[in-house]
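Novice:
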Amino acid sequence: MSKIIKSFFFLFCSIQMFASSILIPMDADTQKNHLKAYGMTYWVLAKQQKVQWLLNYRGGSFLLPDGESIRKECQIRGVSFEILSDAQANSILDDISSPSKNQDAVILEKAPRIAVYSPKDNQPWDDAVTMALTYAEIPYTTIYDEEVLGDKLALYDWLHLHHEDFTGQYGKFYGAYRAAPWYIEGKKNAEKLAKKLGFDKVSEEKRAVALKIRNYVIGGGFMFAMCSATDSFDIALAADGVDIVEPMFDGDASDPNYQASLDFGKTFAFTDFVLERNPLKYEFSSIDMTNKRGNIPKESDYFSLMDFSAKWDPVPTMLCQNHTSLVKGFMGQTTAFTRSEIKPTVLILGENKINEEARYIHGIKGKGFFTFYGGHDPEDYQHRVGDPKTELELHPTSPGYRLILNNVLFPAARKKKQKT
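Using this note's numbering, read the sequence shown as starting at 200 and increasing by one per residue.
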């Protein structure tokens, strides 16, 4: 019996001696909690340790340095992991480096400083990104108009835009909710904040915020937006110097024929779109596909992720890492983007070819990057005002939420020049 115990102890010590890496697999069969795995990776980066992101290897796995504290943290968070010897880790990296494999290893160097642009009184479950960050245990700071206009964006590496209306039309909720107490209170608070910040109208204040965010990206920032923050942001940029807001929103008439005055050269992603003038209609412009989707049933509403070259195009490859190439669709005020109104310089990362819509797009602006993701909540198909929050404990392997967290880690990567 003592010999068996000694043999077991020797084997255990041998494993300890030769283990040098921890692999966090991200495939469908092995990983029990994909979302927490991103938080685990962030935690290691926050400890000033580097991580390797193994693109297209078992769903986009992470290779971490070995350590007792890291193993324990994985166990606490419920993240599946494997202990690799030096030889095993090197074998995987050698295999990935082969020119015949559409795989690559990207070094993640530091934990990005994260800001979420959102009203201070907003609840975290109103926004998919704050839910993802909270569940994954990734720290973030909430900022809003005062911080943006006060030039605080420079403190952060990554900025998420809550489903905001940068046009100053209060989310186009006027038609259905103009008599609702929350709408009246929200409008009053927005007008009060605009006055405090030195603006006569909310639309002017929001446009100034959009311009600050534009400059942040051009200067090298990473910006991620979902739902109505995507198209309303570009609309605000195109309408710089033009009044596109009707009297019920700002108290005065809009510019006559304002459509002809839009400057699409100022936008990030969209061009040649037509604005929705009707204040009673819950829509900003022709960019959104929500009302053009016909009768797509929920059961067959999916979009596919594009396949990029990991070695030649690591950026879009990182953003598309997943354990499935087919992702469940979900709706929002801005559900998806009209393909013909996307600039040719913008990459389409996810699309529904049947409906000719883009769901997930990415581009470069100046020295920075932006990603737009259509829809409100990847695990709440048709989110409505007043709906209960999504419990991510029930969706720990959500492919739709993984796309959000890909973007969170993206700024941590050592940059390689994109070839496409």
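C-beta: ideal position from N, C-alpha, C; glycine also.
Give the single residue among Phe483, Tyr415, Phe448, Tyr572 whose Cα lies nearest to the Cα of Gln458.
Specialist: That would be Phe483, whose Cα lies nearest to the Cα of Gln458.
Novice: Would you call the stretch 531–542 in contact with the stretch 489–503, where contact means no fewer than 3 C-beta pairs closer than 8 angstroms?
Specialist: Contact between the stretch 531–542 and the stretch 489–503 is present, because at least three Cβ pairs lie under 8 angstroms.
Novice: Just to confirm the assignment, what range does the alpha helix (DSSP H) spanning Met239 have?
Specialist: Where Met239 is concerned, the enclosing alpha helix (DSSP H) stretches over 233–245.
Novice: Can you list, in chain order, the residues of its chain whose CB lies under 8 angstroms from that of Gln520, leaving out five sequence neighbours each side?
Specialist: So the qualifying residues of the chain are Met225, Trp252, Leu254, Asn255, Gly258, Gly259, Arg601, Asn605.
Novice: Identify which residue in His359, Gln274, Asn477 has its Cα closest to the Cα of Ser317.
Specialist: When each option's Cα is compared against that of Ser317, the closest is His359.
Novice: By the three-class DSSP mapping on this structure, what secondary structure does Asp449 have?
Specialist: Of the three classes helix, strand and coil, the one that applies to Asp449 here is helix, per DSSP.
Novice: If you check the beta carbons only, do Gly599 and Phe507 fall under 8 angstroms apart?
Specialist: No, Cβ-Cβ distance for Gly599 and Phe507 is not below 8 angstroms.
Novice: Specify whether the stretch 420–437 and the stretch 359–373 touch according to this definition: at least 3 beta carbon pairs, one from each stretch, less than 8 angstroms apart.
Specialist: Contact between the stretch 420–437 and the stretch 359–373 is present, because at least three Cβ pairs lie under 8 angstroms.
Novice: What is the rounded straight-line gap between the Cα of Asp350 and the Cα of Leu608?
Specialist: Between Asp350 and Leu608, the C-alpha separation is close to 24 angstroms.
Novice: Going by DSSP, what residue range makes up the beta strand (DSSP E) through Asp303?
Specialist: Note, Asp303: beta strand (DSSP E), 303–307.
Novice: Extract the residue ranges of the beta strand (DSSP E) inside the stretch 320–373, only unbroken runs of 3 or more that lie entirely within it.
Specialist: For the stretch 320–373, whole beta strand (DSSP E) runs of length 3 or above, ordered along the chain, are 340–342, 357–360.
Novice: Please work out which residues of its chain come closer than 6 angstroms, Cβ to Cβ, to Tyr572, disregarding the five sequence neighbours upstream and downstream, and give them in chain order.
Specialist: Once the five neighbours on either side are set aside, the close Cβ partners of Tyr572 are Met425, Tyr559.
Novice: Among the candidates Ala612, Pro610, Glu592, Ala611, whose CA atom is the shortest distance from the CA of Thr333?
Specialist: The shortest Cα separation from Thr333 among Ala612, Pro610, Glu592, Ala611 belongs to Glu592.
Novice: Let me check understanding here. Comparing Cα to Cα, which of Val408, Lys542, Gly418, Leu392 lies closest to Gly464?
Specialist: Of the listed residues, the one whose Cα sits closest to Gly464 is Lys542.
Novice: Under DSSP, the beta strand (DSSP E) around Leu504 begins and ends at which residues?
Specialist: Run containing Leu504: 501–504, per the beta strand (DSSP E) assignment.
Novice: Quick one: using the 10 Å Cβ neighbour count with 16 as the cut-off for buried, is Trp242 buried or exposed?
Specialist: By the 10 Å Cβ count, Trp242 comes out buried.
Novice: Is Ala435 closer than 8 angstroms to Arg406 when the C-beta atoms are compared?
Specialist: Yes; because the gap between Cβ atoms is below 8 angstroms, this pair is in contact.
Novice: With DSSP as the reference, label Tyr559 as helix, strand or coil.
Specialist: Three-state DSSP puts Tyr559 in a strand.
Novice: Closest to Ser296 by C-alpha separation, out of Trp511, Gly565, Arg583, Lys552, would be which residue?
Specialist: The residue with the shortest Cα to Cα distance from Ser296 is Trp511.
Novice: Run the CB neighbour count on Ile275, radius 10 Å, all protein chains shown included, and call it buried at 16 or more, exposed below.
Specialist: Exposed, since its Cβ has fewer than 16 Cβ neighbours within 10 Å.
Novice: Going by DSSP in three states, Tyr457 sits in which element: helix, strand or coil?
Specialist: Tyr457: helix per DSSP, three-state reduction.
Novice: Tell me the residue span of the alpha helix (DSSP H) that contains Gln432.
Specialist: The sequence as given places Phe at residue 432; Gln does not occur at that position. Run containing Phe432: 427–437, per the alpha helix (DSSP H) assignment.
Novice: Below 8 angstroms on the Cβ atoms is my contact criterion, and I expect Gly562 with Phe467 to pass it. Report the Cβ-Cβ distance as a whole number of Å.
Specialist: Rounded, the Cβ-Cβ distance is 6 angstroms, consistent with contact.
Novice: Using a threshold of 8 angstroms, state whether the C-beta atoms of Asp344 and Glu404 are closer than that.
Specialist: Yes, the pair counts as a contact, with Cβ atoms nearer than the cut-off.
Novice: Give the single residue among Val305, Gly450, Pro610 whose Cα lies nearest to the Cα of Lys386.
Specialist: If we check each option's Cα against that of Lys386, Gly450 comes out closest.
Novice: If you drop the 5 nearest sequence neighbours on each side, which residues of the same chain put their C-beta closer than 7 angstroms to that of Gly277?
Specialist: Taken in chain order, the residues that qualify are Lys231, Asn232, Lys235.
Novice: What's the gap between the Cα of Pro610 and the Cα of Asp576?
Specialist: Cα to Cα, Pro610 sits roughly 23 angstroms from Asp576.
Novice: Which word fits Trp381, buried or exposed, when buried means at least 16 other C-beta atoms lie within 10 angstroms of its C-beta?
Specialist: The residue is exposed, with fewer than 16 neighbouring Cβ atoms inside 10 Å.
Novice: Looking at the structure shown, is Gln251 part of a helix, part of a strand, or coil, going by DSSP?
Specialist: Gln251 falls in the strand class under three-state DSSP.
Novice: Identify whether Val441 lies in helix, strand or coil by the three-state DSSP scheme.
Specialist: Residue state, collapsed to three classes: coil.
Novice: Find the nearest neighbour of Ser268 within the set Asp487, Tyr373, Phe372, Ser220, judged by alpha-carbon distance.
Specialist: Closest by alpha carbon: Ser220.
Novice: Give the single residue among Thr489, Tyr373, Phe448, Asp454 whose Cα lies nearest to the Cα of Lys480.
Specialist: Per the Cα distances, Tyr373.
Novice: With 16 as the cutoff for other CB atoms within 10 Å, does Gln581 come out buried or exposed?
Specialist: It is exposed - the Cβ of Gln581 has fewer than 16 other Cβ atoms within 10 Å.
Novice: Confirm, please, whether the CB-CB distance from Ser279 to Thr229 is below 8 angstroms.
Specialist: In contact: Thr229 and Ser279 (Cβ atoms closer than 8 angstroms).
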